[in-house]
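> Position one of the sequence shown corresponds to residue 60 (this note's numbering), numbered consecutively onward. Sending over a structure as structure tokens; questions will come in a sec.
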Amino acid sequence: MARPIVSSPLQSGDLAKQSVLLDHLRALEGLLVAYSGGIDSAYLAWAAHQALGERMLAVLADSASLPRTHLADAVAFANEHNIPLRIVETNELASADYVRNDATRCFHCKDELFTVMKRELERTGFRYLAYGRNLDDARDFRPGQRAAANHKALAPLADAQLDKLSIRRLAQHAGLRLWDKPASACLSSRIQYGQPVTRETLAQIEQAEEALFALGFRQLRVRAHNELARIEFAQQDLQRAFADHLRISEAVKKAGFRFVTIDAEGYRSGSMNELLPAEAITAAKNI
60 MARPIVSSPL QSGDLAKQSV LLDHLRALEG LLVAYSGGID SAYLAWAAHQ ALGERMLAVL
120 ADSASLPRTH LADAVAFANE HNIPLRIVET NELASADYVR NDATRCFHCK DELFTVMKRE
180 LERTGFRYLA YGRNLDDARD FRPGQRAAAN HKALAPLADA QLDKLSIRRL AQHAGLRLWD
240 KPASACLSSR IQYGQPVTRE TLAQIEQAEE ALFALGFRQL RVRAHNELAR IEFAQQDLQR
300 AFADHLRISE AVKKAGFRFV TIDAEGYRSG SMNELLPAEA ITAAKNI
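Following this line, the structure appears as structure tokens:
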């Protein structure tokens, strides 16, 4: 169950961990940061720019699984802080392994990302790749971490013992407006395992979520189960969502779904993983 994101003062050790992070980054002369515009990668890109100046580059991967509003916000944040940015196109939808949408999907996505980033290493002459894995991520099911390891991508936030809450506190302390941005995985993560990932389904999910944001909801997921949209709202929004169910249903059906349901358990990260058998998770971790 997701907890509301609230303002919190720095805790003992936060600034020391940030100092460790900055010292680590200064030693990485010539760094590419995998940047999505989420709080982790945004804070890492900001810190890398503080440490390295023009000797770093944030690389933003654009594909059908990235909502257009997220792309625009990621570009805006980089511009606000003068962070060097390059937008590259990834084509994970050309991979049958990705489109199949089994438990290894995230691995194939990140493999494509880091393959493209390695071409950027050659173009720039930089030496290192980094991504925004934090200390909490080791506890989750994240096959993409295996792809990162295969490509020798560094995880400076985790290495500095920074977890999600400490990153939010430090980002707020630094005046970064994204400090309280809700977590948001790629659109493909909203599609039930075994249902192929298509541009059409991704567009449906994006349109449905944008319509719900327009109704004033802030943290939610539209989970696609073929023609059924299962919507997860933040706990604090559930009562309002049930009361407003007719407008919600109308908005989501306009996006192309035939059936609409509100999940009574509310938003929780990675809920599609609840459908995975243990052996599938084990196999994906060992890919």
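Don't be surprised by glycine CBs; every beta carbon is placed ideally from N, CA and C.
At what residue ranges does the region 91-161 contain a whole run of the beta strand (DSSP E), taking only runs of 3 or more?
The qualifying runs are 115-121 and 144-148.
> With distances taken from CA atoms, which of 84, 151 and 181 is nearest residue 168?
In the sequence shown, residue 168 corresponds to position 109, counting from 1. Of the candidates 84, 151 and 181, 151 places its Cα closest to the Cα of residue 168.
> Counting pairs of beta carbons, one from the region 215-234 and one from the region 125-139, are three or more of them closer than 8 Å?
Contact check between the region 215-234 and the region 125-139: fewer than three CB pairs, one atom from each, fall below 8 Å, which does not count as touching.
> Taking one C-beta from the region 188-203 and one from the region 96-108 each time, how about it: are there three or more such pairs within less than 8 Å?
yes
> Out of 279, 278 and 266, which one is the CA nearest neighbour of residue 315?
The sequence position of residue 315 within the sequence shown is 256, counting from 1. That would be 266, whose Cα lies nearest to the Cα of residue 315.
> So, for residue 199: in the same chain, excluding its five sequence neighbours on each side, which residues have a beta-carbon less than 7 Å away from its beta-carbon?
Within the sequence shown, residue 199 is the residue found at index 140, counting from 1. Excluding sequence neighbours, residue 199 sits near 329.
> Just confirm the distance between the C-beta atoms of residue 290 and residue 307, as a whole number of angstroms; I'd bet it's less than 8 Å.
Here residue 290 corresponds to residue number 231 of the sequence shown, with the count starting at 1. Here residue 307 corresponds to residue number 248 of the sequence shown, with the count starting at 1. So it is a contact: roughly 7 Å between Cβ atoms.
> Contact defined as beta carbons within less than 8 Å: I believe residue 122 pairs with residue 163. What is the distance between those atoms, to the nearest angstrom?
Against the sequence shown, residue 122 aligns to sequence position 63. Against the sequence shown, residue 163 aligns to sequence position 104. Their Cβ separation, rounded to whole angstroms, is 18 Å, which puts residue 122 and residue 163 out of contact at 8 Å.
> Specify the secondary structure class of residue 163 as computed by DSSP and reduced to three states.
Working through the sequence shown from its first residue, we reach residue 163 at position 104. If DSSP states are grouped into helix, strand and coil, residue 163 belongs with coil.
> Which same chain residues end up closer than 7 Å to residue 158 when comparing Cβ atoms and leaving out the 5 residues on each side of it in sequence?
Looking up residue 158 in the sequence shown gives position 99. 152, 255 and 256.
> Please confirm whether any heavy atom of the ligand HEM lies closer than 8 Å to the CB of residue 66.
Only the bare structure without any ligand can be found here, which leaves the ligand HEM out of the picture.
> In the structure shown, what three-state DSSP assignment does residue 256 receive?
Taking the sequence shown and counting its residues from 1, one reaches residue 256 at position 197. Correct three-state label for residue 256: coil.
> Any idea what DSSP makes of residue 178, helix, strand or coil?
Locating residue 178 in the sequence shown gives position 119, where the first residue counts as 1. Helix.
> Just list the alpha helix (DSSP H) runs in the region 206-239, keeping only unbroken ones of 4 residues or longer that don't cross its boundaries, in chain order.
List check, alpha helix (DSSP H) in window: 215-218 and 223-232.
> Quickly, what does DSSP pair residue 334 with across the bridge? List them, please.
Against the sequence shown, residue 334 aligns to sequence position 275. Note: residue 334 sits in no beta bridge, so no partner.
> To the nearest whole angstrom, what separates the beta carbons of residue 120 and residue 92, a pair I think is in contact under 8 Å?
Locating residue 120 in the sequence shown gives position 61, counting from the first residue. Locating residue 92 in the sequence shown gives position 33, counting from the first residue. Actually they do not touch by this definition, with Cβ atoms about 12 Å apart.
> Terminal residues of the continuous beta strand (DSSP E) containing residue 244?
For the purposes of this step, residue 244 is taken as residue 185 along the sequence shown, with counting starting at 1. From DSSP, residue 244 is part of no beta strand (DSSP E); its letter is neither H nor E.
> From the DSSP secondary-structure annotation, give me the bridge partner or partners of residue 291.
In the sequence shown, residue 291 corresponds to position 232, counting from 1. Answer is 280.
> So, helix, strand or coil for residue 346, using DSSP?
On the sequence shown, position 287 is the one that residue 346 refers to. Coil at residue 346, not helix or strand.
> If we call anything under 9 Å between Cβ atoms a contact, is residue 229 one with residue 116?
The sequence position of residue 229 within the sequence shown is 170, counting from 1. The sequence position of residue 116 within the sequence shown is 57, counting from 1. Taking 9 Å as the Cβ cut-off, residue 229 and residue 116 do not qualify as a contacting pair.
> Quick check on the burial criterion: 16 or more other C-beta atoms within 10 angstroms. Buried or exposed for residue 260?
Stepping through the sequence shown from its first residue, residue 260 is reached at position 201. Residue 260 should be labelled buried.
> For residue 83 versus residue 105, is the C-beta spacing smaller than 9 Å?
Indexing the sequence shown from 1 puts residue 83 at position 24. Indexing the sequence shown from 1 puts residue 105 at position 46. No. Outside cutoff.
> Can you give me the Cβ contacts of residue 103 inside the same chain, cut-off strictly under 7 Å, excluding the 5 residues immediately before and after it?
The residue given as residue 103 occupies position 44 in the sequence shown. Residues 92, 189, 191, 215 and 216 of the same chain have their beta carbon placed closer than 7 Å to that of residue 103, with the five preceding and five following residues left out of the count.
> Just to confirm my understanding: we take residue 268, look at its own chain, exclude 5 residues before and 5 after, and list those with CB closer than 6 Å. What are they?
Your numbering for residue 268 matches position 209 in the sequence shown. The answer, listed in chain order, is 281.
> Measuring CA to CA, which of 67, 284, 303 and 68 is closest to residue 292?
The count along the sequence shown starts at 1 and reaches residue 292 at position 233. Restricting attention to 67, 284, 303 and 68, the CA atom closest to the CA of residue 292 is found in 303.
> From residue 112 to residue 70, what distance separates their C-alpha atoms?
In the sequence shown, the residue the question calls residue 112 occupies position 53. In the sequence shown, the residue the question calls residue 70 occupies position 11. About 27 Å.
> Do residue 221 and residue 76 have their C-beta atoms closer together than 9 Å?
The residue you call residue 221 lines up with position 162 of the sequence shown. The residue you call residue 76 lines up with position 17 of the sequence shown. Cβ distance < 9 Å, so residue 221 and residue 76 count as in contact.
> Would you identify the three-state DSSP class for residue 189, choosing helix, strand or coil?
On the sequence shown, residue 189 is found 130 positions in, with the first residue counted as 1. Strand, per DSSP.
> Let's test the definition: count the other Cβ atoms within 10 Å of the Cβ of residue 80 and tell me whether it reaches 16, buried, or not, exposed.
Within the sequence shown, residue 80 is the residue found at index 21, counting from 1. With 16 or more Cβ atoms within 10 Å of its Cβ, residue 80 is classed as buried.
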